[in-house]
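Residue numbers (the working numbering), protein chains in the order written: chain V, 35 to 372; chain R, 404 to 670; chain A, 5 to 283. Glycine included, every Cβ here is placed at the ideal spot set by N, Cα and C. Small disclaimer: the values here were computed from a predicted structure and weren't measured. To start, the structure itself, in structure tokens.
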Amino acid sequence: MTYYTISHNNLLEFLKSIRAQGKKLIAPQQREQKIFFMETDDVSSIVFDYIQTSISPKDILFPRVEPLITYELTADALQVNDRAEQLPSISTVLFGARPCDAVALTMLEKFFAEEPGDPFVEKRAKQLTVISVSCSKADSYCFCTSVGVSPGDTRGSDILLTPCENNEYYVEVLTEKGNDLVQKSQNLFNKSEKKEKEKYLANVSSDIPAEEISKRLENAFNNPLWNEASLRCIGCGTCAYVCPLCSCFDIEDEGTQKCGTRLRCWDSCGFALFTMHTSGHNPRRTQSERWRQRVLHKFSYLPQRVQVFGCVGCGRCSRACPVDMNLKEQLQLIKEAL
Amino acid sequence: MNQLNQIAKELLTSQKVKLVIGYGEGTDGRVRPVFVRKSEDASQLIWDDRCRQNLAVYLNKTEIREIGFPIAIVSLPATVRSIVQLIAEHQFQVEDVIPIVQEGANVTTIENKERLEQYAAANPVVFPPFVVEEIENIRNKSVEERFEYWQEELSRCFKCYACRAACPLCYCERCITDVNTPQWVCVPPHAIGTFEWHMNRAMHLAGRCVECGSCTIACPVGIPIGLLTMEATRIAREELGYEPGIKCDVPAALATFRPDDKESFIL
Amino acid sequence: MSSGNVYKPYVMQIAKVIDEAPGVKTFRLQFTSERDREQFNFKAGQFGEYSVFGEGESTFCIASPPTRKGYIECTFRQTGRVTTALAQKEEGDVIGFRGPYGNIFPIEEWKGKNLLFIAGGIALPPMRCVIWNALDLRDWFKDITVIYGARSVADLVYKYELEEWYQRSDMKLVTTVDPGGETPDWKGRIGFVPTIVEQVSPSSLNTIAIVCGPPVMIKFTFPVLEKLGFQPTNIYTTLENRMKCGVGKCGRCNVGPVYVCKDGPVFTYEQLQRLPAEY
Chain V
35 MTYYTISHNN
45 LLEFLKSIRA
55 QGKKLIAPQQ
65 REQKIFFMET
75 DDVSSIVFDY
85 IQTSISPKDI
95 LFPRVEPLIT
105 YELTADALQV
115 NDRAEQLPSI
125 STVLFGARPC
135 DAVALTMLEK
145 FFAEEPGDPF
155 VEKRAKQLTV
165 ISVSCSKADS
175 YCFCTSVGVS
185 PGDTRGSDIL
195 LTPCENNEYY
205 VEVLTEKGND
215 LVQKSQNLFN
225 KSEKKEKEKY
235 LANVSSDIPA
245 EEISKRLENA
255 FNNPLWNEAS
265 LRCIGCGTCA
275 YVCPLCSCFD
285 IEDEGTQKCG
295 TRLRCWDSCG
305 FALFTMHTSG
315 HNPRRTQSER
325 WRQRVLHKFS
335 YLPQRVQVFG
345 CVGCGRCSRA
355 CPVDMNLKEQ
365 LQLIKEAL
Chain R
404 MNQLNQIAKE
414 LLTSQKVKLV
424 IGYGEGTDGR
434 VRPVFVRKSE
444 DASQLIWDDR
454 CRQNLAVYLN
464 KTEIREIGFP
474 IAIVSLPATV
484 RSIVQLIAEH
494 QFQVEDVIPI
504 VQEGANVTTI
514 ENKERLEQYA
524 AANPVVFPPF
534 VVEEIENIRN
544 KSVEERFEYW
554 QEELSRCFKC
564 YACRAACPLC
574 YCERCITDVN
584 TPQWVCVPPH
594 AIGTFEWHMN
604 RAMHLAGRCV
614 ECGSCTIACP
624 VGIPIGLLTM
634 EATRIAREEL
644 GYEPGIKCDV
654 PAALATFRPD
664 DKESFIL
Chain A
5 MSSGNVYKPY
15 VMQIAKVIDE
25 APGVKTFRLQ
35 FTSERDREQF
45 NFKAGQFGEY
55 SVFGEGESTF
65 CIASPPTRKG
75 YIECTFRQTG
85 RVTTALAQKE
95 EGDVIGFRGP
105 YGNIFPIEEW
115 KGKNLLFIAG
125 GIALPPMRCV
135 IWNALDLRDW
145 FKDITVIYGA
155 RSVADLVYKY
165 ELEEWYQRSD
175 MKLVTTVDPG
185 GETPDWKGRI
195 GFVPTIVEQV
205 SPSSLNTIAI
215 VCGPPVMIKF
225 TFPVLEKLGF
235 QPTNIYTTLE
245 NRMKCGVGKC
255 GRCNVGPVYV
265 CKDGPVFTYE
275 QLQRLPAEY
């Protein structure tokens, strides 16, 4: 690991030079009162002063629409083309991810790499360099520290910037990818000693004992609390789609039987027909069962299976939810009910 | 609101209703839908300028219906219109729902068809200034510019269907997007996919949308999606003479043909 | 490390179409690529995603035993979009196949035991695979009994094989139809599968029971087996769930901490008892 400091202006120069190297630059931009990660050519449009973006950067690794294969029936045979092989090699730099997002991206990568590995996510992850910015502010929706993440977490980032005094950033270069990028613009960075960055980080109280809740959830399946808790849930896919970790998808064919594409697109366990069998039998017929699935999957089943929570506490689901379900509050309610 | 809490408490204590749907305090100054079943919880109900979402959407929810009609519901003008429209569409009867409304400085209930229709007609939806402005903006654009505008806005759409879920008039048990034989609307949220979905929705809501704006409020990526359905309803209003949500017995705008229909908007 | 595109199907040619029952067909499929045909192998219990390009994919078990090389078979009922498109295919047409997916029946662990196979209706296909697998390795096992029932005579699948199984002296086959489903010349039993199981089941001593059928049949068969002394760890079944990717990534078949496509579809009754009832 190497340490630097960089001024805000030099940071902008650094991002300009990344663009000049022909890399794709994805950074926070404002649209209609919300902040989104978007591809940009113009570093002056990058937004810095905000707490969290509306949607996560997961679509860099796991796009909302991804062609898997294309097929064509010719006179001789049916030709199937592998779209993974055809994935263009575009070196991409994500700037402005929060530490929770960076952690989520590595978790997503790991999940898709489980046997049999997903070639699309793997390829995209190889081409991606993540420059994260630590959180100096948090709001009441954030609860990263309750699920083992922190506002200055280094996991998943290639470079982590922590805003300090004098409009400067403390820079931690964590990986070879990060180092390669910094080396190309070395003159913009000042070497530094390792700094204590705690004092620059937001204070996110860890008052949700996620471990404890997780244990109690093992016996919570038949508890009536799910009915009350989910009454206002309207069953849209917002929480799943803005979440940096949710990765459920649908596979659809488009085209004719002679020529077309098989692609995947985002899906959500919150939708009524997610588990519906063609026979009409639906194992999760009511919204309360689907809400229960969401919470149990993230806080009970995943920990049982791979010893991690399916949540990094970024708070996006709660901010975006049209009916204020507020996951953090729900966890507190669960703790009290069990 | 004292009057509101009082009314709700009465309704529950007298067991006239088993449930009052209203607004309550949410996270950080937000409001959220609340479902009050015990009279002592009636104090949870609030009503101020922050309360903009249309709660009528819950009247179609299975788990809510299982609690049992009649249900009392804190109603904005748009909510009342949704209720009337839902009655016109046979989703429930007049006696199944008791809207709690504001009339001047008073809060009161509506418990018969006449008053319901009266209230709906006398209290049109008032658009906030920024909506009026945005509509003007778009109206002033050429067709090409409008298409560009919607291409830009819908590029953010990822088909979370929050707009559909928040809309009281999107109550189909199996939405057209969930039918695969035939695949009327393609599933993925690519450019064509999002256009297909929103065009479809606007057409299905023409003459039915009561312009409550809940879909726009719900959209997590800030698309002013309500403008499309509102425009479809405006066309139905001006060209076909349909005003949704003011009469409990009225045939569906797009399922009815009258020889004197203007049709001037059909190319 | 991914070893290729897991979503890319093999292109299979339909070598044979058999009409099993009203709405039910069997396809015998051959790999169009010589290399695929040689490299492919699977074990009993596994399934695949069969597709009509342009319509979509559908999940069926591999109904032929792994001991028969060079082809695979699947049996399906015409129910929705994909199965309707499949039902219109003819010999010589091509479809897609991804697999083999899922876990397997641990037949090695059953060596030296009696086997009791119980199947209902369209659920005979997954059983057929493991039954033939067992018959092809006959001397591994002691007694083999198959109890198979359907709603009516017409609904019985693999009728030609049932004939063959009746004739075999190294297994016992009992067939039944629901009351009212018999024809005048029906020689098998009449009664619901769980009832017949109770009547003709062999002893549970040293016996493995493998059950597959519609949810209602399974619901009533498990208690019968327990009553007869079968331990939940010796009762196997194979679950059906809505699936898309088949490889534990799309989330649809997630039940409790398992993915039915990856940690199943073969489960013991004991494992099922520990899962939430969401299948």
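Residue i: CB within 7 Å of a non-hydrogen atom of the ligand FAD
i	result
arginine 250/V	Looking for the ligand FAD in the displayed structure turns up nothing, as the structure carries no ligands at all.
Residue span of the beta strand (DSSP E) that contains residue i, given as start and end
i	result
tyrosine 175/V	From DSSP, tyrosine 175/V is part of no beta strand (DSSP E); its letter is neither H nor E.
glutamine 17/A	14-25
threonine 636/R	Premise fails: threonine 636/R lies in the alpha helix (DSSP H), 629-643, not in any beta strand (DSSP E).
asparagine 118/A	118-124
glutamine 34/A	28-35
phenylalanine 271/A	270-272
Residue-level contact to chain A via CB, residue i, 8 Å cutoff
i	result
threonine 465/R	no
glutamate 286/V	yes
threonine 584/R	yes
proline 313/V	At residue 313/V the sequence reads serine, which differs from the proline that was named. Answer yes: the Cβ-Cβ gap between serine 313/V and chain A drops below 8 Å somewhere.
glycine 289/V	yes
phenylalanine 146/V	yes
valine 33/V	Nothing in the structure corresponds to residue 33/V, since chain V is present only between 35 and 372.
glutamine 409/R	no
serine 174/V	no
Endpoints, alpha helix (DSSP H) assigned at residue i
i	result
glutamine 496/R	Premise fails: glutamine 496/R is in no alpha helix (DSSP H) and is neither H nor E.
aspartate 284/V	Segment 283-289 is the beta strand (DSSP E) holding aspartate 284/V; no alpha helix (DSSP H) there.
phenylalanine 145/V	133-147
arginine 41/A	38-43
Spatial neighbours of residue i in its chain, beta-carbon cut-off 8 Å, leaving aside the 5 residues before and after
i	result
methionine 5/A	Residue confidence for methionine 5/A is low, a pLDDT of 45 falling below 50, so the modelled location carries little weight; the figure read from the coordinates is stated next. None.
valine 510/R	Met404, Gln406, Leu407, Ile410, Trp450, Ile503 and Val504
leucine 307/V	Asn316
alanine 568/R	Val460 and Ala621
asparagine 515/R	Val497
Contact with chain V by residue i, beta-carbon distance below 8 Å
i	result
valine 181/A	no
arginine 41/A	no
phenylalanine 561/R	yes
lysine 12/A	yes
Strand pairing of residue i, partner residues [DSSP]
i	result
phenylalanine 70/V	Gln63/V
tyrosine 203/V	Ile40/V and Pro197/V
leucine 297/V	Pro101/V and Glu286/V
glutamate 77/A	Arg32/A
glutamate 539/R	None, per the DSSP bridge assignment.
tyrosine 50/A	Looking at the sequence provided, one finds glutamine at residue 50/A rather than tyrosine. DSSP, once it has assigned bridges, lists no residue as partnering glutamine 50/A.
glycine 100/A	Val15/A and Ser55/A
valine 215/A	Ile122/A and Thr241/A
threonine 163/V	Val127/V
Residues near residue i in its chain [Cβ-Cβ closer than 6 Å; skip 5 each side]
i	result
proline 129/A	Cys65, Ala67 and Thr79
leucine 130/V	It should be noted that the sequence gives glycine, not leucine, for residue 130/V. Excluding sequence neighbours, glycine 130/V sits near Ala61, Pro62 and Val167.
aspartate 499/R	Phe472 and Pro473
leucine 107/V	Lys292
lysine 248/A	Cys254 and Arg256
CB contact below 8 Å: residue i versus chain R
i	result
proline 356/V	yes
arginine 193/A	no
methionine 5/A	Low per-residue confidence applies at methionine 5/A: pLDDT is 45, beneath 50, and the placement is therefore not dependable, though the value from the model is reported in the following sentence. For methionine 5/A, the answer is no, since every Cβ of chain R falls outside 8 Å of its Cβ.
asparagine 237/V	no
glycine 255/A	no
Residues of its chain near residue i, where Cβ-Cβ distance is below 7 Å and the 5 sequence neighbours each way are ignored
i	result
tyrosine 645/R	Gly610, Ala639 and Ala656
aspartate 284/V	Arg298, Cys299 and Asp301
isoleucine 124/V	Lys58 and Gln161
glutamine 50/A	Ile66, Gly103, Pro104, Tyr105, Gly106 and Ile108
message: Closer than 8 Å is the cut-off here; do at least three beta carbon pairs connect the region 87-98 of chain A with the region 16-34 of chain A?
response: yes
message: For the region 211-229 of chain A against the region 115-134 of chain A, do three or more pairs of beta-carbon atoms, one drawn from each stretch, fall closer than 8 Å, so that the two count as touching?
response: yes
query: Counting Cβ pairs, one atom from each stretch, are 3 or more of them under 8 Å apart for the region 38-51 of chain A and the region 175-195 of chain V?
result: no
- prompt: Are at least three pairs of beta-carbons, each pair with one atom in the region 517-537 of chain R and one in the region 611-630 of chain R, less than 8 Å apart?
  reply: yes
message: Using a Cβ distance threshold of 8 Å, determine whether the region 104-119 of chain V contacts the region 63-79 of chain V, with at least three qualifying pairs required.
response: no
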